[in-house]
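Position in the sequence shown (from 1) plus 561 gives the number in the numbering used here.
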Amino acid sequence: MESLDDMRKSIDNIDNAIVAMLAERFKVTNRVGYFKANNNLPVKDPEREAIQHSRIKELSNQYGLDPELASSILGQVIDEVVLKHQEIARSR
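Quick look at the structure:
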């Protein structure tokens, strides 16, 4: 039988992976921000955001995760990306 400590170690490992993946995602979105700034593209892309929310909801259903929760988390990530893209655009 798995102990509470074992389960917590699993949670810690998953959290580590989540943080690592978020860090990698933000590295890529920062590159997108510089590309947009260098090419005079808008910071926000509502069409892309809608596609991403839809895709995340579909993935959530496949993995048994509440799609609204996943979409909310994605929304927070997108909000941070937009703020960073605005900062990058201002610096250009």
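Even glycine gets a Cβ: it sits at the ideal position worked out from N, Cα and C.
query, result
"By alpha-carbon positions, which one of Leu565, Val643, Ser564 ends up nearest to Arg609?", "Val643"
"Compute the Euclidean distance between the alpha carbons of Phe587 and Leu630, then round it to the nearest angstrom.", "20 Å"
"Out of curiosity, what's the CA-to-CA distance linking Glu563 and Ala584?", "31 Å"
"Tell whether a beta-carbon distance below 8 Å holds between Ser546 and Ile617.", "Outside the shown range of the chain, which is 562 to 653, sits residue 546, and nothing can be said about it."
"Need the endpoints of the alpha helix (DSSP H) that Ser652 sits in, please.", "628-652"
"Can you tell me whether DSSP reads Asp606 as helix, strand or coil?", "coil"
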